[in-house]
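First the structure, in the form of structure tokens, and then the observations on it.
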Amino acid sequence: MSTPGTLRIGNASGFYGDRFAAMREMLTGGPLDVLTGDYLAELTMLILGRDRLKDPARGYAKTFLRQLEENLGLAKERGVKIVTNAGGLNPAGLADAVRALAAKLGLDVAVAHVEGDDLLPRADELGLGRPLTANAYLGAWGIADCLRAGADVVVTGRVTDASLVVGPAAAHFGWGRDDYDALAGAVVAGHVLECGAQATGGNYAFFTEHELGHPGFPIAEIEADGSSVITKHERTGGAITIGTVTAQLLYEIGGARYAGPDVTTRFDTVHLEQAGRDRVRISGTKGEPPPPSLKVCLNTLGGFRNETTFVLTGLDIEAKAALVREQLERALGEHRPAGIRWTLARTDHEDADTEQRASALLHCAVKDADPKVAGRAFSGAAVELALASYPGFHVMAPPSDASPYGVYTATFVDAHEVPHIAVLPDGTKVEIAPAPETAELSEVEEPALPEPYRGPVRHAPLGERFGARSGDKGGDANLGVWARGDEDWRWLAHRLTVEEFRRLLPETAGLPVRRHLLPNLRAVNFVVSGLLGEGVASQARFDPQAKALGEWLRARYADIPEGRA
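Heads up, the sequence shown is in the numbering used here, so the first residue is 76 and it goes up one at a time.
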């Protein structure tokens with residue numbers, strides 16, 4: 076990990092449950108120096124927390140071990156280092172399991188891990204309450220120390236997703252803590268890689284313009300100055316274009332300053348260039364000192380939930396919905412759950428040629444602290460209406476017992492309160508100091524707008540000319556929109572204001588919305604606070620992670636520029 080040349084880092088997992096064969100595909104598809112795997116998300120931490128309640132020895136992503144059983148020998152043979160956050164809530168346990176697997180396979184593999192992110196034992200002391208999980212986002216330097224000590228496999232708990240790329244790059248190039256521009260460049264590369272095939276054409280707005288098929292996973296070729304080329308193995312599906320990279324850069328971000336534990340990355344300085352087929356160069360990224368506090372992911376058990384969906388067919392859809400709603404809420408009586416949410420989806424069509432196309436769906440979801448209220452009381456009341464309600468009464472599935480749901484919140488803790496420990500292959504523990512220089516996070520000055528678009532327009536869906544990518548951060552949603560040409564960028568910057576955004580997406584009308592301009596990417600990013608309630612685990616709305624929010628916006632009509640995009 077000490078040669079000065081280009082470092083090729085690939086990704087083989089964007090979430091817990093991603094393509095199982097990706098690790099082998101990446102190891103056999105072409106040359107790599109490092110293979111990363113991102114298994115953690117806010118919801119994953121809740122799932123692992125519930126696993127740990129059942130068995131304290133669990134709490135890590137078991138899929139990673141099964142993948143290693145098939146591929147550890149191959150990685151060792153090819154000299155590819157593996158860096159993963161699959162350790163979840165128990166990185167030491169997963170590191171031990173990897174050592175046991177290596178011994179079983181007869182392989183001499185040096186395994187290290189990074190710990191310290193788990194703040195649960197000190198939650199009360201730190202004023203975090205009594206959560207199920209409490210994990211700080213650590214940075215890259217523990218990973219770098221493990222690799223410098225000769226580790227073949229590095230397992231972490233909750234580090235920032237980009238740290239899986241920044242750590243190997245810092246170790247390889249010998250960067251220092253104040254090499255902010257280089258570190259920021261690696262953060263951008265890591266942000267592109269972290270969601271796997273989303274960077275190679277998966278979930279891409281203009282998916283009809285390339286052959287997706289079985290997309291390959293992304294690779295970052297990182298240089299000593301932190302610049303990189305995003306690519307993929309030859310003869311794999313998907314595509315790497317400025318568009319696919321832009322889409323991933325806009326995924327789950329806020330403003331122009333992207334804060335991390337090691338560096339604050341200026342996303343408004345990122346420059347993209349198509350450098351050949353399936354090759355996009357990222358350069359020009361500037362970095363600044365990180366903030367003095369670390370983000371902490373808290374998951375708590377919020378209570379219990381249940382749901383059922385009534386099918387309304389044919390005529391008088393609105394009247395049928397009103398009837399069953401009134402009947403069910405009256406039947407619940409004193410056992411009314413603390414939260415009831417009704418959603419009517421008018422999926423019905425007039426004079427439909429199939430029963431399904433003639434039907435609308437009325438969804439009822441309930442929440443309560445008492446599992447009996449959200450469970451049997453609700454289920455019984457719904458079922459008892461079967462012969463006494465609207466004509467054609469039936470449900471998509473019978474109501475079931477209540478199930479627990481989680482609540483995600485983010486808070487911040489002074490970095491000096493969070494241990495960051497690299498446990499080297501020989502068992503030596505190295506304490507990683509907090510960032511020696513910090514700066515409080517602040518908004519960048521609003522960039523100047525381009526000249527307004529003055530050309531002809533036509534009334535059409537936004538998506539005919541503009542791409543979008545959306546996602547979740549706890550209870551908030553982000554939605555990035557980008558233009559593919561300068562004329563469209565001028566229209567976008569002036570016309571898609573917060574007011575217009577709220578008009579196009581009425582669900583956001585009563586919520587705080589912030590707009591951030593990123594002229595280098597010809598993009599605007601909107602952050603909608605509170606759209607997702609208490610986070611994905613609470614299932615607050617249809618599309619609880621806002622994955623398709625951008626596609627809804629693209630389907631809305633506006634007076635967009637004429638001509639070629």
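Glycine included, each C-beta is placed from N, C-alpha and C at the ideal position.
Here the structure is a predicted model, which is why all the values come from computation and not from measurement.
Of all alpha-carbon atoms in Ala568, Val448, Ala543 and Gly378, the one lying nearest the alpha-carbon of Glu526 is that of Ala568. Residue environment for Ser517: exposed (fewer than 16 other C-beta atoms within 10 angstroms of its C-beta).
Boundaries of the alpha helix (DSSP H) around Gly242: Ser238 to Phe248. Leaving aside the five residues that flank Asp634 on each side, the residues in its chain whose CB is nearer than 6 Å to its CB run, in chain order, Val532 and His534. Counting only the Cα atoms, Val228 lies some 23 Å from Pro131.
At a cut-off of 3 residues, the continuous stretches assigned as beta strand (DSSP E) that sit fully inside the stretch 156-221 are 156-159, 186-190 and 208-211.
Using a 10 angstroms sphere on the CB of Gln431, the tally of other CB atoms stays under 16, which defines it as exposed. In the structure shown, the three-state DSSP call for Arg589 is strand. With 16 or more other Cβ atoms from the protein chains shown falling within 10 Å of its own Cβ, Tyr528 counts as buried. Contact between Ala331 and His495 does not hold, since the beta-carbon distance rounds to 27 Å and is not under 8 Å.
Closest in alpha carbon position to Val386, among Ala435, Val505, Gly134 and Gly359, is Ala435. DSSP places Asp343 within a helical segment (H, G or I) once states are collapsed to three. For the 8 Å CB-CB criterion, Val338 and Val304 do not form a contact. Note on geometry: alpha-carbon atoms of Trp627 and Leu580 lie some 8 Å from one another.
Annotated three-state conformation of Gly330 is coil, per DSSP. The C-alpha of Leu407 lies about 7 Å from the C-alpha of Ala452. Comparing C-alpha distances from Thr81 to each of Ile294, Val482 and Ala237 shows the shortest one belongs to Ile294.
Within the stretch 512-584, the runs of beta strand (DSSP E) that reach at least 3 residues and sit entirely inside it are, in chain order, 532-536, 541-548 and 551-558. In the displayed model, Ser464 falls within coil according to three-state DSSP, outside both helix and strand. In its chain, beyond the 5 residues on either side, Asn381, Glu382, Thr383, Phe453, Ser454, Ala457 and Val458 have a beta carbon closer than 8 Å to the beta carbon of Pro474. Straight-line spacing of the CA atoms in Leu524 and Asn595 works out to 12 Å.
Closest in alpha carbon position to Lys307, among Val234, His289 and Asp199, is His289. Of the residues Gly313, Asp199, Leu128 and Glu515, the one whose Cα lies closest to the Cα of Leu369 is Glu515.
Runs of the beta strand (DSSP E) lying entirely within the stretch 279-307 and spanning at least 3 residues, in chain order: 293-297 and 303-307. In this structure, the CA atom of Ala322 is about 22 Å from the CA atom of Ala257. Cβ neighbours of Gln620 within its own chain (closer than 6 Å, five residues either side excluded): Asp547 and Val611. By the C-beta density criterion, Ser88 is buried, having at least 16 other C-beta atoms within 10 angstroms.
Checking the DSSP bridge columns, you'll see Glu382 partnered with Ala440. When beta bridges are read from the DSSP output, Trp417 appears opposite Cys439. Contact annotation: Met101 and Leu107 have beta-carbon atoms nearer than 8 Å. Between Thr360 and Ala215, the beta carbon gap of about 15 Å keeps them out of contact (Cβ cut-off 8 Å). The beta carbon of Glu144 sits closer than 8 Å to those of Leu176 and Leu180, all from its chain and outside the five residues before and after it, given in chain order. Sequence-distant Cβ neighbours of Val173 in its own chain, meaning closer than 6 Å and more than five residues away, are Val186 and Val228. Residue pairing by DSSP puts Gln349 in a beta bridge opposite Val355.
Under the criterion of beta carbons closer than 8 Å, Leu268 and Pro243 do not qualify as touching, at roughly 11 Å.
Under a 10 Å Cβ-count criterion, Met471 is classified as exposed, with fewer than 16 other Cβ atoms of the shown protein chains found around its own Cβ.
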